[in-house]
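Single-structure report; data block below.
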Amino acid sequence: MYSHPHYFLSDHLRGVEQLSSLFLSEKSVRLAESGQLAEVNRWIAFFHDIGKSHAFFQRYIQSPDSFQDPPALKSHALLSAVLLAVFLQEKGMDEFWRLLAFLVVKRHHGNLDDWLEELKRMGDEAKTLLKCQAEATDFSALSKQMACLGVGQEAIWTKEVWLAWIERFFAEARSLRRWIMKWNRSNDSLVPYLQLLFLFSLLIDADKSEVGILQKQSWSFSGRKDIPADLILRYKQQQSWPKTKLNEWRERAFQEVDQAPIDLRHHVYSLNLPTGMGKTLAGLHFALRLRHEIERRQRVTPRIIYSLPFLSIIDQTASVLKDVFAASGMQEDHQLWLAHHHLADMRYVTRQDEERYDADYEAAKLLVEGWHSELIVTTFVQLFETIFSHRNASLRKFHRLANSIILIDEVQAVPHRYWLAVRRLFAAMAEELGCYFIFSSATDPKWFPEAVSLVNESAYFQLLSRVTLHPDIDEPVEIEEFARQIEWDEEKTYLFILNTIESAKALYRAFLDEGVDEGDMTFLSTHIPPKERLRRIMAAKNGEYRIVVSTQLIEAGVDIDFDVVYRDFAPLDSIQQAAGRCNRHGQRGGEVHIVRLTDNKKRLYASYIYDAIRLDITQTLLKGKAKIEESEFLQLITAYFETLTARMSNNESERLLKGMMTLYFDGEETVDRLPVSHFRLIEGEGEKFNVFIELDEEASEVFREYETILRISDRWERRKRFSDIKTRFFQYVIAIPARVDHQPPIVHGIGYVGHDSLSDFYDEALGYRTKSEGLIW
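Sequential numbering of the sequence shown, starting at 1241, is according to the numbering used here.
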């Protein structure tokens, strides 16, 4: 009796139980009474694949290609879930825990749904299917395998018991639906949401890891590793940074963080420092201090999850981390740290007993996507779509959040419509899962008033005079007129940040019309392939371009420095982030000018991107001010967020919270309830599709490799081979709106601009040619 090809069902169930119990034992959580969580978790693991024992599945697993019966007959999750629900009833568990276990097992190969709908589907057709599967089970073979596990009494592994249990569950389904409806009306806690996600995560991670890693690897993937608490200090001791005033202030801030007291009763901290003041190293250092103290006092080892909003900042942070670990003589080891995002290489290297181990592709994919590491650098999307999600793939790593230290950089980038929901859920995670949070920003929205500040933030803002902000916002101006107004200083560098790709392209062309030398200037937007975009950023950083025209992609976290920055009107937090690209190192006087650019219909470009409330608050705060010094930024941004908090609507957060509290993971939104699946960290930008730009010889080579890979018939091998080229491949991929007029041919399911047709679709300076007047994106 097999669970997978040539692998006994009993061995798989034992392996999953051992792994899920190990994952649980690492943690200290409050989610349930002592012992109850462990018991429910154990029975979920033992029962999750028990439905595979019937003959239909056994025939399928031994010869998938020759299986001729209706596909539904080979299913196993529903039978496993129903048997578990009745088994737990026999053990005296209440409706809530039985239903949670039922949901976890029923959905362990799919996404979570609405738990009320799950019970509504328990009709005659489903019952007939399960009875047919029970009739086709070899109970003699099953009893022998279960006896090896010591699971339950021999008496329950009989056809009579299973048929009776199936009848009992379906007879009870109506009353269970009524129980859920009553529970939905009365529950006002997020704890059940966390309980379900935690148990679901434990099972699907253990299940996938047992099959994809435990069965294949000779080394222990589940062990934990130590990171020295003084890791950052060791790195700093080996640096020889110049003795500048700004570096003195950076060191002062670092020392303040180093000396900040740690009280484990406080679960939320903030690190609010001006741009360029060393928040990355200071934040990581405090996280390591906190990890050491938790380990010493609570006897659990927290993972550190460092989350950032943009891929470009992740690359920067990962580069710093590589140097930090190397400074302590620690070689590449993904059990120590890894970077995870949707374009991450599926490589996983670890070192044990002075031996290096390289995981194969499938194991590496599971290890990277499962966050099997002590320190994970990841994106907002990966973090928040692990917390607000119904998707199996995202939720698999949810249990790794328990007892973790979650460092969120540029926290203001979280959409304000979700602030209430995030605040409520983070508070529940701190209370129930033992999570700690560190919010890092130059524009802290203060949406966690209980956060303990790690520095005296006002002192650092008052020290600085790198930048003067000039709000030139009284009169809107069209792009051509704005280009004519610029008074260039040949000794200075200029950055122009605009709100849409269309307006940025228009400004670039207007500068050319005004006689700006094309060799002095470059353009940045998401319509430039990533490889070329990075080359331009590095070239500008090295002084090869005096003028850069860009969209907001350069705004937050990118380490680039200009004498003068012009920013098209935007919310104040975006303006302040843009100011962080000006005179970043404090070596000269910096100017930041805010202008209100309009299209030919006299509509502000800002209105296409940002909501009216944030723009109105910003205009009110800036109106009448001729100039604002950097020392005033903190007071200004504090007033902005206070006003925003008072004026913004919490409707979407409240509806999302209602969906979470009623375990409504998927379905239609209603007036008072939003399903969890509707959570969107990035606001909708319209439907888009990917286009591969064959920009150079390397692009031609990687596309030929892509075509060769597509001809591989085995889908697993095909996926593995594509993983080998994925990072290089996506260096040439851009996303364009589906409604764009000038669309490229579709080749192998992706837009394709070949080298021979490059000039038809791609402008060497401005990127993809849209040929769409008035299109906004």
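We put the CB at the ideal spot given by N, CA and C, even for glycine.
These figures come from a predicted structure and were not determined experimentally.
Quick one: Cα of residue i to Cα of residue j, how far?
i: valine 1980; j: valine 1621; result: 26 Å
i: isoleucine 1266; j: aspartate 1684; result: According to the sequence shown, residue 1266 is glutamate rather than isoleucine. For glutamate 1266 and aspartate 1684, the distance between alpha carbons rounds to 33 Å.
i: glutamate 1595; j: serine 1449; result: 22 Å
i: aspartate 1712; j: phenylalanine 1736; result: 14 Å
i: alanine 1744; j: threonine 1762; result: 11 Å
i: leucine 1524; j: alanine 1579; result: 15 Å
i: isoleucine 2016; j: tyrosine 1848; result: Below a pLDDT of 50, predicted positions are generally treated as unreliable, and isoleucine 2016, at 42, falls in that range; the measurement from the model is reported next regardless. About 7 Å.
i: arginine 1807; j: phenylalanine 1638; result: 39 Å
i: glutamate 2013; j: arginine 1706; result: Note that glutamate 2013 has pLDDT 41, beneath the 50 cutoff, so the model's placement of it is unreliable and the number below is only indicative. Near 40 Å, if we compare the C-alpha coordinates of arginine 1706 and glutamate 2013.
i: glutamate 1795; j: isoleucine 1553; result: 11 Å
i: arginine 1418; j: serine 1917; result: 24 Å
i: proline 1985; j: proline 1311; result: 37 Å
i: valine 1931; j: tyrosine 2008; result: 10 Å
i: lysine 1371; j: glycine 1291; result: 11 Å
i: threonine 1948; j: glutamate 1941; result: 11 Å
i: valine 1835; j: lysine 1781; result: 24 Å
i: arginine 1490; j: serine 1268; result: 36 Å
i: isoleucine 1922; j: isoleucine 1976; result: 16 Å
i: aspartate 1447; j: glutamate 1357; result: 25 Å
i: alanine 1321; j: alanine 1285; result: 11 Å
In this structure, how does DSSP classify residue i when only helix, strand and coil are distinguished?
i: histidine 1710; result: strand
i: tyrosine 2002; result: strand
i: serine 1315; result: coil
i: glutamine 1983; result: coil
i: serine 1705; result: coil
i: methionine 1586; result: coil
i: asparagine 1823; result: coil
i: valine 2018; result: The chain is shown from 1241 up to 2017; residue 2018 falls before or after that span and cannot be answered.
i: leucine 1548; result: strand
i: serine 2012; result: Bear in mind that the predicted position of serine 2012 carries a pLDDT of just 45, short of 50, making it unreliable; the figure below should be weighed with that in mind. Looking at serine 2012 - three-state DSSP - the assignment turns out to be coil, as it is neither helix nor strand.
i: serine 1893; result: helix
i: phenylalanine 1248; result: strand
i: alanine 1579; result: strand
i: aspartate 1964; result: helix
i: tyrosine 1850; result: coil
i: phenylalanine 1263; result: helix
i: isoleucine 1737; result: strand
i: leucine 1694; result: coil
i: methionine 1333; result: coil
i: tryptophan 2017; result: Residue placement at tryptophan 2017 is poorly supported in this model, since its pLDDT is 41, which falls under 50; the coordinates still yield a value, given next. Note: tryptophan 2017 maps to coil in three-state DSSP.
i: tyrosine 1785; result: coil
Check the C-beta distance from residue i over to residue j and give it rounded, since I have them as a contact under 8 Å.
i: aspartate 1445; j: glycine 1610; result: 6 Å
i: aspartate 1729; j: serine 1680; result: Not really, about 34 Å apart at Cβ, beyond 8 Å.
i: leucine 1324; j: tryptophan 1283; result: 6 Å
i: isoleucine 1965; j: arginine 1958; result: The Cβ separation is near 12 Å, so there is no contact.
i: glycine 1518; j: histidine 1825; result: About 12 Å separates the two Cβ atoms, so there is no contact after all.
i: leucine 1837; j: isoleucine 1719; result: 6 Å
i: tryptophan 1577; j: glutamate 1533; result: Going by Cβ atoms, the distance from tryptophan 1577 to glutamate 1533 rounds to 20 Å, so no, they are not a contact pair.
i: arginine 1531; j: isoleucine 1645; result: 6 Å
i: arginine 1413; j: leucine 1328; result: A small fix is needed here, since residue 1413 is alanine in this sequence, not arginine. Going by Cβ atoms, the distance from alanine 1413 to leucine 1328 rounds to 15 Å, so no, they are not a contact pair.
Tell me the DSSP bridge mates of residue i?
i: arginine 1951; result: Answer is none; arginine 1951 lacks a bridge partner.
i: glutamate 1595; result: Gln1592
i: isoleucine 1290; result: Beta-bridge pairing links isoleucine 1290 to no other residue.
i: tryptophan 1687; result: In the DSSP output, where bridge partners are listed per residue, tryptophan 1687 has none listed.
i: alanine 1387; result: Per DSSP, none; premise fails for alanine 1387.
i: aspartate 1354; result: Tyr1904
i: leucine 1931; result: Position check: residue 1931 holds valine in this sequence, whereas leucine was assumed. Bridge partners of valine 1931: Ile1974 and Gly1991.
i: glutamate 1831; result: Thr1708 and Val1804
i: glycine 2007; result: Asp2003
i: aspartate 1498; result: Answer is none; aspartate 1498 lacks a bridge partner.
i: aspartate 1649; result: Ser1680
i: asparagine 1512; result: Ser1681
i: threonine 1838; result: Glu1718 and Leu1844
i: glutamate 1869; result: Thr1708
Would residue i pass as an interface residue toward chain B - the criterion being a Cβ-Cβ separation below 8 Å?
i: histidine 1995; result: Of the protein chains in the structure, only one exists, and it is not chain B.
Spell out a yes or no on whether the stretch 1335-1342 and the stretch 1302-1311 are touching, meaning 3 or more CB-CB pairs, one atom from each, closer than 8 Å.
No: fewer than three Cβ pairs fall under 8 Å.
Contact between the stretch 1426-1436 and the stretch 1664-1680 is defined here as three or more beta-carbon pairs at a separation below 8 Å; is this criterion met?
Taking 8 Å as the limit for Cβ pairs, the verdict is that the stretch 1664-1680 does touch the stretch 1426-1436.
Taking 8 Å as the threshold, find out whether the stretch 1840-1856 comes into contact with the stretch 1804-1818 through three or more Cβ pairs.
The answer is yes - the stretch 1804-1818 touches the stretch 1840-1856, with three or more Cβ pairs under 8 Å.
I'd like to know if the stretch 1752-1771 and the stretch 1692-1704 are in contact, where contact means that at least 3 CB-CB pairs between them fall below 8 Å.
Verdict: no, contact absent.
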